[in-house]
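First residue of the sequence shown: -18, per this note's numbering; consecutive thereafter. Working notes for the structure below.
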Amino acid sequence: MKVVDGQRSAYRPPTPSPTPLRRGPVLVTAAFAGLGGALIPAAAVPALWRIWQLYAMLFGAVAVVEVAAVVAVLGWPTRTTARFGALTAFAALVVWVLSRPLGLLVRLDPWQPADTVVGFTDYVAAGLQVIALFGFLLVRRRGARPWPSALRRVTAWIVLFPVLLLVIATGAAGTVAAGDGIRGTGASALLDGGTVEYCRPAGV
-18 MKVVDGQRSA YRPPTPSPTP LRRGPVLVTA AFAGLGGALI PAAAVPALWR
32 IWQLYAMLFG AVAVVEVAAV VAVLGWPTRT TARFGALTAF AALVVWVLSR
82 PLGLLVRLDP WQPADTVVGF TDYVAAGLQV IALFGFLLVR RRGARPWPSA
132 LRRVTAWIVL FPVLLLVIAT GAAGTVAAGD GIRGTGASAL LDGGTVEYCR
182 PAGV
């Protein structure tokens, strides 16, 4: 108890700060998977802007948010930041499902070719997002645990290090392919042959 303005008030201890998580191989792998899944559509934003600005803004915004989530979870690894990373990966997957398997975003614009999101590499980005989602969820579910022995830490890194290298290589290759693979795009299936011929440089 303490006296404040002549009245007694209950003592409230300071709120404890969130317990930090260990930057183990699962967390690092999930973070790099999320980073790769964000950089792939980000590399295609300039080309997407010339095709359809809505796609460019949507994928660019998702990429920026996910990169921020990766920085947060690596800089301040807590259950809150891990949940934030999982939510951003899930949001990216939702956008991908709407644009690729369901084709809902493509149908909003008849001038948008059906296969110009980031080519086949958007499947690579989706796979990386799945790894990031489950990795962040696993880390958040496990929470902060007592520091394991050196043998367990080394074993975990040895087991997951090839996976981490594969994730990094896949993200890098997908980013390069997404940046170089949208120079020429086919015409939309929603346009008739006369319209396509008219739009060609050597057309009528």
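Ideal Cβ placement from N, Cα and C applies to all residues, glycine included. Every value quoted in this text rests on a predicted model; they were computed, and no experiment measured them.
TODO: Can you give me the start and stop residues for the alpha helix (DSSP H) that ARG133 sits inside?
DONE: Run containing ARG133: 131 to 161, per the alpha helix (DSSP H) assignment.
TODO: For the stretch 68 to 76 and the stretch 110 to 122, state whether three or more C-beta atom pairs, one from each stretch, are separated by less than 8 Å.
DONE: Result yes; three or more Cβ-Cβ pairs closer than 8 Å.
Task: Segment limits, alpha helix (DSSP H) that includes THR102 - done: For THR102, the uninterrupted alpha helix (DSSP H) segment begins and ends at 102 to 123.
- [ ] Using only alpha-carbon positions, find the residue among GLY66, ALA42, ALA25, ALA37 that is nearest to LEU119.
- [x] It is GLY66 whose Cα lies nearest to the Cα of LEU119.
Task: DSSP-derived helix/strand/coil call for LEU79 - done: Helix at LEU79.
- [ ] Can you say whether PRO91 is buried or exposed, counting buried as having 16 or more other CB atoms within 10 angstroms of its CB?
- [x] Note on PRO91: pLDDT 48, under 50, position unreliable in the model; the coordinate value appears next. Around the beta carbon of PRO91, a 10 Å sphere encloses fewer than 16 other beta carbons of the protein chains shown; the residue is thus reported as exposed.
- [ ] Please state if the CB of ALA37 and the CB of VAL26 are separated by a distance shorter than 9 Å.
- [x] Taking 9 Å as the Cβ cut-off, VAL26 and ALA37 qualify as a contacting pair.
Open item on the list: How far does the alpha helix (DSSP H) with GLY56 in it extend, from its first residue to its last?
Closed with: 34 to 56 is the span of the alpha helix (DSSP H), which, as asked, contains GLY56.
Open item on the list: Measuring only the C-alpha atoms, how far is PRO82 from TYR104?
Closed with: CA-to-CA, the gap between PRO82 and TYR104 works out to about 10 Å.
Task: PHE187 classed as buried or exposed, judged by whether at least 16 other C-beta atoms fall within 10 angstroms - done: Outside the shown range of the chain (-18 to 185) lies residue 187, about which nothing can therefore be said.
Open item on the list: Quick check on PRO1: does DSSP put it in helix, strand or coil?
Closed with: Taken through DSSP and simplified to helix, strand or coil, PRO1 comes out as coil.
Open item on the list: Beta-carbon within less than 8 Å of VAL148's beta-carbon, same chain only, minus the 5 sequence neighbours each way: which residues are those?
Closed with: Same-chain partners within the cutoff: THR10, PHE13, ALA14, GLY17, LEU109, ILE112.
- [ ] Rounded to whole angstroms, what's the CA-CA distance from ARG60 to VAL52? Just pull it up for me.
- [x] Taking the straight line joining both Cα atoms gives about 14 Å.
Open item on the list: Quick check on TRP33: buried or exposed, where buried means 16 or more other Cβ atoms within 10 Å of its Cβ?
Closed with: Counting Cβ neighbours within 10 Å, TRP33 comes out buried, since at least 16 surround it.
Open item on the list: Just verifying my parser: in three-state terms, what is the DSSP assignment at THR10?
Closed with: The answer is helix: DSSP assigns THR10 an H, G or I state.
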